[in-house]
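To convert, count from 1 in the sequence shown and add 21; that's my numbering.
A virtual CB, placed ideally from N, CA and C, is assigned to each residue, including glycine.
Because the structure is a prediction, the values reported are computed rather than measured.
Quick notes on the structure that follows.
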Amino acid sequence: MNVGGQHFRTIWLNAADERVVQLIDQRWLPHRFVVEEVRTTEEMATAIRDMHVRGAGLIGAAAGYGMYLAALEAAAAPACDEYIAAAARRLKMTRPTAVNLAWAIDRQLARIAEAQTPEEKVAVALATAEAIAAEDAEHCRSIGRHGLNLIRDIARRKGGKPVNVLTHCNAGWLAFVDHGSATAPIYAAHDSGLPVHVWVDETRPRSQGSKLTAWELNEHGVPHTVIADNTGGHLMQRGDVDLVIVGTDRTTYTGDVANKIGTYLKALAAKDNNVPFYVALPSSSFDWKMRDGLAEIPIEERGSDEVSHADGWADGRQVEVRVTPAGSPAANYGFDVTPRRLVTGLITERGICEANEQSILGMFPEQAP
Ligand code: MRU
């Protein structure tokens, strides 16, 4: 997508030095656009853990490049295979909920194991990292094509009046390599001239909605309004939401959806108000082994300071302030699980299916046990 008129992906290889990975450091958005250079596996692990990069697809792509950096380091280490295995374990521990992380690392491990010499392992790891990133962007583009039909149908019914889409957190291009999942249909609709307006959930505590989704939509010129997290139900009751589209960090092959904390409440409100609730995801975000999302999906718990404090921009710098009484404990659950019964459909790179085992495996028959 474009930033200031220039096309960017969220992560890429430095054209002048192939041993360096560059990525947009999202901690500074929307106030500063910072590109970070990552040279080691350890630096990539930090970038994922501390959320310089975040979002399911981008975490997967970053892990893919992290494994390439590990292969480079391993080529100079005494025990190449052990070094790569240890790096994979370190990277896998960085964040628990997004399944793309383990998916990308396991894909790299399988490909690297087929290569013989350390030099071949580096070449294979580089090709695989590039393939993971390219596929992510391509799959998101296809999600946009399929989701566009939903928005077009609503626009037709509304006689050309703007289609109001509510989204939660950031499942935009910043959460992937390009295009985004939940935002891809929105960008496709906007680019094809359909009038679309987005309600952007703020998404405390890290405010991925008000900081990242709003920034993206603004850069692309898509009309939008940032709302406090608890506003969605009220807007749905008033008939001001035509469609909800969210992303996911992990969806079971039976259709249970883990996404940023607060998603479940939006799904409940949507059900009560007959608002269609769609989840957009590339196939890399399905967990093909998990059946019961509520029982099995690991929910990340992050530091309580993200709840007790908030940050913003003042006098040309990022400042952090406490928003709770100093003595009040705070809890910080990163994700929740929306049961399949609340999900109208899943928008994937192959098309739209229902959130149940039969429909999902019908769309991806090669994953059937
Ligand atoms: O904690 P984050 O920012 O990595 O969370 C991921 C998300 O942005 C959301 O849960 C998103 O909606 C799904 S990831 C495409």
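N- and C-terminal bounds of the beta strand (DSSP E) containing residue i
i       : result
Trp-33  : 32-34
His-241 : Run containing His-241: none in the beta strand (DSSP E); it sits in the alpha helix (DSSP H), 235-241.
His-245 : 245-248
His-255 : Looking at the DSSP string, His-255 is not in any beta strand (DSSP E); the run it does join, the alpha helix (DSSP H), is 253-258.
Glu-58  : 56-59
His-218 : 217-222
Residue i: CB within 8 Å of a non-hydrogen atom of ligand 3
i       : result
Phe-356 : By its list of ligands, the structure shown excludes ligand 3, since it contains just ligand 1.
DSSP state of residue i mapped onto helix, strand, coil
i       : result
Ala-154 : helix
Ile-164 : helix
Leu-44  : strand
Asn-280 : strand
Val-267 : strand
Cys-17  : For residue 17 there is no data in the structure shown, the boundaries of the chain being 22 and 390.
Leu-187 : strand
Thr-273 : strand
Asp-174 : helix
Leu-367 : strand
Val-143 : helix
Run of the alpha helix (DSSP H) containing residue i, from where it starts to where it stops
i       : result
Ala-66  : 62-70
Glu-135 : 120-135
Ile-381 : 378-384
Ile-207 : 204-212
Leu-90  : 77-96
Glu-103 : 101-113
Handout entry: Cβ contact (3+ pairs, closer than 8 Å) linking the segment 230-245 and the segment 254-265
Key = no
Handout entry: Sufficient close CB pairs (3 or more, under 8 Å) joining the segment 362-380 to the segment 297-316
Key = Segment contact: the segment 362-380 against the segment 297-316, three or more CB-CB distances shorter than 8 Å; contact assigned.
Exercise for the section: Give, in chain order, every unbroken run of the beta strand (DSSP E) that is at least 3 residues long and sits entirely within the segment 277-363. Expected result: Counting whole runs of 3 or more residues, the segment 277-363 contains the beta strand (DSSP E) stretches 278-281, 298-301, 330-335, 338-343, 356-359.
Practice task
Give a yes or no on contact between the segment 175-182 and the segment 134-145, applying the rule of three or more CB pairs nearer than 8 Å.
Solution key: no
Practice task
Indicate whether the contact test is met: 3 or more Cβ pairs, each with one atom in the segment 218-235 and one in the segment 93-112, closer than 8 Å.
Solution key: Segments in contact, no.
Exercise for the section: Take every Cβ of the segment 184-201, pair it with every Cβ of the segment 23-32, and state whether three or more of those distances are shorter than 8 Å. Expected result: Judged by Cβ distances under 8 Å, the segment 184-201 makes contact with the segment 23-32, as three or more pairs qualify.
Handout entry: Meets three-Cβ-pair contact criterion under 8 Å: the segment 277-294 and the segment 346-359
Key = Touching, yes, given that three or more Cβ pairs across the two stretches are closer than 8 Å.
Problem - Segment contact flag, the segment 83-91 with the segment 55-71, C-beta cutoff 8 Å, min 3 pairs - result: Segments in contact, yes.
Practice task
Would you check if there are 3 or more beta carbon pairs closer than 8 Å linking the segment 44-52 to the segment 208-222?
Solution key: no
Problem - Contact between the segment 148-155 and the segment 329-343 (3+ Cβ pairs under 8 Å) - result: Cβ pair count under 8 Å is below three, so no.
Problem - the segment 291-300 / the segment 319-337 touching (three or more Cβ pairs under 8 Å) - result: no
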